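Undergrad: Sequence order for the protein chains is D and E. Just so we're aligned: 410 in our numbering is position 67 of the first sequence, and the numbers increase by one with no gaps anywhere. Just so we're aligned: 88 in our numbering is position 85 of the second sequence, and the numbers increase by one with no gaps anywhere. By construction, the Cβ of each residue, glycine as well, lies at the ideal position given by its N, Cα and C atoms. Since we're looking at a predicted model, the values are computed, not measured.
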Amino acid sequence: MDIGKDLVAASATPIVMAILSEGATYGYAINKHVCELSGGEIKWTEGMLYPLLHRLERNGYVEATWEKSDTGRRRKYYSLTDQGRKELAHQQRRWEVVDSALRGIWGSTFNVLLQSN
Amino acid sequence: MKKNLEERIEEWQTYLYQHRAIQSVDAEELEDHLRTQVKALGEVGLDDDEAFIVAVKRMRDLNSISREFAQEYSERLWKQLVFTQHEGGSSKETQRDALVAVGLAIAAGIAIKLPELFGYHLSEDDGGVFFYLRNFSFFVLPFLAGYFAWKRCLSHVTRTYLAVIFLISALIMNILPHKGEGHTVILAAIHLPIALWLCVGVAYTGGSWRNHAQRMNYVRFTGEWFIYYALIALGGGVLIGFIIFIFESIGLDAENLVKFWVLPCGIVGAIIISARLVEAKQSIIENMVPVLTRLFTPLFTALLLVFLVTLIWTGSSIKVEREMLIGFDLLLLLVLCLLLYSISVRDPHAPVGVFDVLQFLLVVSALVVDVLALWAVTSRISEFGFSPNRVAALGENLILLVNLGWSGALYSRFLIKRSGFTSIERWQTSYIPIYAVWAWIVVALFPIIFKFQ
Numbered sequence: 344m345d346i347g348k349d350l351v352a353a354s355a356t357p358i359v360m361a362i363l364s365e366g367a368t369y370g371y372a373i374n375k376h377v378c379e380l381s382g383g384e385i386k387w388t389e390g391m392l393y394p395l396l397h398r399l400e401r402n403g404y405v406e407a408t409w410e411k412s413d414t415g416r417r418r419k420y421y422s423l424t425d426q427g428r429k430e431l432a433h434q435q436r437r438w439e440v441v442d443s444a445l446r447g448i449w450g451s452t453f454n455v456l457l458q459s460n
Numbered sequence: 004m005k006k007n008l009e010e011r012i013e014e015w016q017t018y019l020y021q022h023r024a025i026q027s028v029d030a031e032e033l034e035d036h037l038r039t040q041v042k043a044l045g046e047v048g049l050d051d052d053e054a055f056i057v058a059v060k061r062m063r064d065l066n067s068i069s070r071e072f073a074q075e076y077s078e079r080l081w082k083q084l085v086f087t088q089h090e091g092g093s094s095k096e097t098q099r100d101a102l103v104a105v106g107l108a109i110a111a112g113i114a115i116k117l118p119e120l121f122g123y124h125l126s127e128d129d130g131g132v133f134f135y136l137r138n139f140s141f142f143v144l145p146f147l148a149g150y151f152a153w154k155r156c157l158s159h160v161t162r163t164y165l166a167v168i169f170l171i172s173a174l175i176m177n178i179l180p181h182k183g184e185g186h187t188v189i190l191a192a193i194h195l196p197i198a199l200w201l202c203v204g205v206a207y208t209g210g211s212w213r214n215h216a217q218r219m220n221y222v223r224f225t226g227e228w229f230i231y232y233a234l235i236a237l238g239g240g241v242l243i244g245f246i247i248f249i250f251e252s253i254g255l256d257a258e259n260l261v262k263f264w265v266l267p268c269g270i271v272g273a274i275i276i277s278a279r280l281v282e283a284k285q286s287i288i289e290n291m292v293p294v295l296t297r298l299f300t301p302l303f304t305a306l307l308l309v310f311l312v313t314l315i316w317t318g319s320s321i322k323v324e325r326e327m328l329i330g331f332d333l334l335l336l337l338v339l340c341l342l343l344y345s346i347s348v349r350d351p352h353a354p355v356g357v358f359d360v361l362q363f364l365l366v367v368s369a370l371v372v373d374v375l376a377l378w379a380v381t382s383r384i385s386e387f388g389f390s391p392n393r394v395a396a397l398g399e400n401l402i403l404l405v406n407l408g409w410s411g412a413l414y415s416r417f418l419i420k421r422s423g424f425t426s427i428e429r430w431q432t433s434y435i436p437i438y439a440v441w442a443w444i445v446v447a448l449f450p451i452i453f454k455f456q
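#1: Counting only beta-carbon atoms, is residue 383 of chain D nearer than 8 Å to chain E?
#2: Under a CB-based cut-off of 8 Å, is residue 389 of chain D close to chain E?
#3: Where does the unbroken beta strand (DSSP E) through residue 419 of chain D begin, and where does it stop?
#4: Which residues in chain D sit within 8 Å of residue 63 of chain E, going by Cβ to Cβ distance?
#5: What are the residues that DSSP puts in a beta bridge with residue 411 of chain D?
#6: I want to see whether chain E comes within less than 8 Å of residue 370 of chain D, judged by CB atoms only; does it?
#7: In whole angstroms, what separates the C-alpha of residue 339 of chain E from that of residue 332 of chain E?
#8: Run through the DSSP bridge pairs and tell me what residue 405 of chain D is partnered with.
#9: Would you mind giving the Cβ-Cβ distance between residue 246 of chain E and residue 261 of chain E, rounded to the nearest angstrom? I have them listed as a contact below 8 Å.
#10: Between residue 404 of chain D and chain E, is any beta-carbon pair separated by less than 8 Å?
#11: If you reduce the DSSP assignment to three classes, tell me which class residue 368 of chain D lands in.
#12: Determine the contact status of residue 271 of chain E and residue 142 of chain E, defining contact as a CB-CB distance below 8 Å.
#13: Answer with yes or no whether the minimum CB distance from residue 68 of chain E to chain D is below 8 Å.
#14: Candidates E/370, E/296, E/277, E/54: which alpha carbon is nearest residue 308 of chain E's?
#15: Just to confirm before moving on: does the CB-CB distance between residue 150 of chain E and residue 107 of chain E stay below 8 Å?
#16: Mind listing the chain E neighbours of residue 418 of chain D? Cutoff is C-beta to C-beta under 7 Å, in chain order.
#17: Between residue 74 of chain E and chain B, is any beta-carbon pair separated by less than 8 Å?
#18: Give me the chain D residues within the contact set of residue 296 of chain E, using Cβ-Cβ distance strictly less than 8 Å, ordered along the chain.
#19: Alpha carbon to alpha carbon, what distance is there between residue 433 of chain E and residue 240 of chain E?
#20: If the cut is a Cβ gap below 8 Å, which residues of chain E does residue 394 of chain D touch?
#21: Pop quiz: residue 405 of chain D and residue 363 of chain D are said to be a contact at Cβ under 8 Å. What is the actual Cβ separation, rounded to whole angstroms?
#22: Start and end of the alpha helix (DSSP H) containing residue 3 of chain E?
#23: Looking only at its chain, what residues have a beta carbon closer than 6 Å to the beta carbon of residue 396 of chain D, apart from the 5 residues adjacent to it on each side?
#24: Determine, for residue 444 of chain D, whether the minimum Cβ-Cβ distance to residues of chain E falls below 8 Å.
#25: Checking 8 Å against the spacing of the C-beta atoms, do residue 172 of chain E and residue 157 of chain E come in under that value?
#26: How would you write the range of the alpha helix (DSSP H) that residue 420 of chain E sits in, first residue to last?
#27: Given that a residue counts as buried once 16 or more other Cβ atoms are within 10 Å of its Cβ, and exposed if not, what is residue 373 of chain D?
#28: Is the separation between the beta-carbon of residue 263 of chain E and that of residue 117 of chain E shorter than 8 Å?
#29: Report yes or no: do three or more beta-carbon pairs, one from the segment 371–391 of chain D and one from the segment 6–17 of chain E, lie closer than 8 Å?
#30: Specify, as a first and last residue, the run of the alpha helix (DSSP H) that residue 388 of chain D falls within.
#31: Whether or not the segment 414–425 of chain E and the segment 348–355 of chain E are in contact is what I'm after, with contact meaning three or more pairs of Cβ atoms, one per stretch, closer than 8 Å; do they touch?
#32: Pick helix, strand or coil for residue 400 of chain E, following the three-state DSSP scheme.
#33: Taking the straight line between their C-alpha atoms, what separation do you get for residue 362 of chain E and residue 133 of chain E?
#34: Quick check on this structure: which residue in E/367, E/431, E/386, E/377 has the alpha carbon closest to the alpha carbon of residue 415 of chain E?
#35: What's the C-alpha gap between residue 327 of chain E and residue 376 of chain E?
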């Protein structure tokens, strides 16, 4: 299923921040995690993920540290800052509004439509 | 032979570095991503080769990654020349390079003030000005040569040769019984920077000055250096304006500070700094000289053609005055530079284009103008006899005549596709030592031949 560029772009920020709220991690692991969470439906390109992480870092929502990985090479780990947590909570409320609105509609009419097709 | 994984990753990295929007830290992060991907694929049974191919494929093409980075970091597309913050190892080298250049610039600034300790002042009333006129090159060009000697790890033999050349020329300028305001000493002072600049080229090319490609590189360097120098000079002019203004506001006269400190030290320091800037940026930024050349070649061609037509139309001839002859020499020199710089950037394999025809027109019209100027000089010589200035003008016109004449011949062969473009390029680079030889003749032999007139 193609999720669409706009929706991917819009949802990427809260998803990344939500994953980071569970603990510090690095780019590849975030990508993998998202893929698993969505059952393989959401696949981000590196060209999207890394600039996004860097933007969050610039905005102060995320901080990055270089640490040694298990292979002994340098790896960049990202974690959520306090400001980032506040922003995440804010984003969460917004998405919940959208989510409940959609559910409200689809729960009644659209569900019937989809099933009848 | 099969490449191993490390070699492949290295290759991939070089591709990555070609994208301006991606900097070394990001590249490291992306590399880590690639490696983890390769490792994960290896764990499910793919061998290194397969894993690498799949991992790279999954990362999509680098162009689109770079585009997304560019959207996030639009400022990176405006290339930062000096103040780019690298992280990691590569910065140490550039930092040291910058330090050496700044150190040498300061040294040149000190050098130009040192003679004051021995009573040679820049102020007008004693012989100081003439001392500086004779020796100006020695306060800066040895430092520039030193910079390149250091940078290119010049061999001891070449270093010694260069040092000897500088020493001998210093002796020529100072030991010979030059007359204070003689024509020969002024001619020598004008030609010395040219002669020594070409010697600095030996250091620039790392000693392999016989190599034609290296010679052309030095020509390119010279052009870019000139642009940078002009820009720094412009900034320096603004600075000086404000120095004078700001001290005037509290009733102090900063004229002497500017004249005897800021100006001389700035002039020599900027020479080194511009060289370092060209070195640092040659691969990063679009070179400026070719752009200017493209812009001005049609304009100068038009100027020369219109001038020649007017000359024929009105039936007048060039005035044989000294200023006029110098002006024409400079004009022809400029034409030569236009020619040289458009050659320096032209792809030798490109087919004949409109610009080549234009270039040919420029050469031919310059040739005609040169013949006219030459005729004017010889008529002046036959009227007034030989003088250092006239002989210098005559020599320079002849040198340009030979160059332009043969360039024109080569160009016409090129236009009718009888020969490749490389022959034109090669002719120009082969000709460079002639300028050096002539400049040295004017510096070293003219004073003796003309008995220090």
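TA: On the basis of the coordinates in this document:
#1: Numbered from 1 along the first sequence, position 40 holds the residue referred to as residue 383 of chain D. Chain E contact via Cβ: absent.
#2: Counting from 1 along the first sequence, the entry for residue 389 of chain D is found at position 46. It does; some Cβ of chain E falls within 8 Å.
#3: As a working mapping, residue 419 of chain D is identified with position 76 in the first sequence. Residues 417–423.
#4: Residue mapping note: residue 63 of chain E aligns to position 60 of the second sequence, counting from 1. Correct list: 388, 389, 390.
#5: Looking up residue 411 of chain D in the first sequence gives position 68. DSSP lists D/417 as partners of residue 411 of chain D.
#6: Taking the first residue of the first sequence as 1, we reach residue 370 of chain D at position 27. So, interface residue.
#7: Position 336 of the second sequence holds residue 339 of chain E. Position 329 of the second sequence holds residue 332 of chain E. So the alpha carbons of these two residues sit roughly 10 Å apart.
#8: Here residue 405 of chain D corresponds to residue number 62 of the first sequence, with the count starting at 1. BP columns for residue 405 of chain D point to D/423.
#9: Counted from its first residue, the second sequence places residue 246 of chain E at position 243. Counted from its first residue, the second sequence places residue 261 of chain E at position 258. Confirmed, Cβ separation roughly 6 Å.
#10: Position 61 of the first sequence, counted from the first residue, corresponds to residue 404 of chain D. Not closer than 8 Å to any Cβ of chain E, the Cβ of residue 404 of chain D fails to qualify, so no.
#11: Within the first sequence, residue 368 of chain D is the residue found at index 25, counting from 1. In this structure, residue 368 of chain D counts as strand in the three-state DSSP scheme.
#12: Your numbering for residue 271 of chain E matches position 268 in the second sequence. Your numbering for residue 142 of chain E matches position 139 in the second sequence. It is a contact, given that the beta carbons lie within the stated cut-off.
#13: Taking the first residue of the second sequence as 1, we reach residue 68 of chain E at position 65. Chain D, which has a Cβ nearer than 8 Å to the Cβ of residue 68 of chain E, makes this yes.
#14: If you number the second sequence from 1, residue 308 of chain E lands on position 305. It is E/370 whose Cα lies nearest to the Cα of residue 308 of chain E.
#15: In the second sequence, the residue the question calls residue 150 of chain E occupies position 147. In the second sequence, the residue the question calls residue 107 of chain E occupies position 104. Their beta carbons are under 8 Å apart, which means residue 150 of chain E touches residue 107 of chain E by this criterion.
#16: Residue 418 of chain D sits at position 75 when you count from the first residue of the first sequence. Going along chain E in sequence order, the residues near residue 418 of chain D (Cβ under 7 Å) are 35.
#17: Here chain B cannot be found, since the structure's protein chains are D and E.
#18: Walking along the second sequence from the start, residue 296 of chain E turns up at place 293. Ordered by position in chain D, no residue passes the 8 Å Cβ test against residue 296 of chain E, which lies about 38 Å from the chain.
#19: To locate residue 240 of chain E, count along the second sequence from 1; it is residue 237. To locate residue 433 of chain E, count along the second sequence from 1; it is residue 430. The straight-line gap from Cα to Cα measures roughly 38 Å.
#20: If you number the first sequence from 1, residue 394 of chain D lands on position 51. Chain E residues near residue 394 of chain D: 71, 72, 74, 75, 76.
#21: To locate residue 405 of chain D, count along the first sequence from 1; it is residue 62. To locate residue 363 of chain D, count along the first sequence from 1; it is residue 20. That belief holds up - the Cβ atoms of residue 405 of chain D and residue 363 of chain D are roughly 6 Å apart, short of 8 Å.
#22: Since the displayed chain E opens at 4 and closes at 456, residue 3 of chain E lies outside it and no answer follows.
#23: On the first sequence, position 53 is the one that residue 396 of chain D refers to. Closer than 6 Å at Cβ, skipping near neighbours: 421.
#24: Position 101 of the first sequence, counted from the start, is the residue given in the question as residue 444 of chain D. Chain E, which has no Cβ nearer than 8 Å to the Cβ of residue 444 of chain D, makes this no.
#25: Counted from its first residue, the second sequence places residue 172 of chain E at position 169. Counted from its first residue, the second sequence places residue 157 of chain E at position 154. Cβ distance not < 8 Å, so residue 172 of chain E and residue 157 of chain E don't count as in contact.
#26: Here residue 420 of chain E is taken as the residue at index 417 of the second sequence, counted from 1. Where residue 420 of chain E is concerned, there is no enclosing alpha helix (DSSP H), given that its DSSP letter is neither H nor E.
#27: Position 30 of the first sequence, counting from 1, holds the residue named residue 373 of chain D. Buried is the call here.
#28: Translated into the one-based positions of the second sequence, residue 263 of chain E becomes position 260. Translated into the one-based positions of the second sequence, residue 117 of chain E becomes position 114. No, the pair does not count as a contact, with Cβ atoms beyond the cut-off.
#29: no
#30: Within the first sequence, the letter at position 45 stands for residue 388 of chain D. From DSSP, residue 388 of chain D is part of no alpha helix (DSSP H); its letter is neither H nor E.
#31: yes
#32: As a working mapping, residue 400 of chain E is identified with position 397 in the second sequence. Residue 400 of chain E: helix per DSSP, three-state reduction.
#33: Taking the first residue of the second sequence as 1, we reach residue 362 of chain E at position 359. Taking the first residue of the second sequence as 1, we reach residue 133 of chain E at position 130. Near 41 Å, if we compare the C-alpha coordinates of residue 133 of chain E and residue 362 of chain E.
#34: Here residue 415 of chain E refers to the residue found at position 412 when the second sequence is read from its first residue. For residue 415 of chain E, the nearest C-alpha among the options comes from E/367.
#35: The residue you call residue 327 of chain E lines up with position 324 of the second sequence. The residue you call residue 376 of chain E lines up with position 373 of the second sequence. Taking the straight line from one Cα to the other gives about 9 Å.
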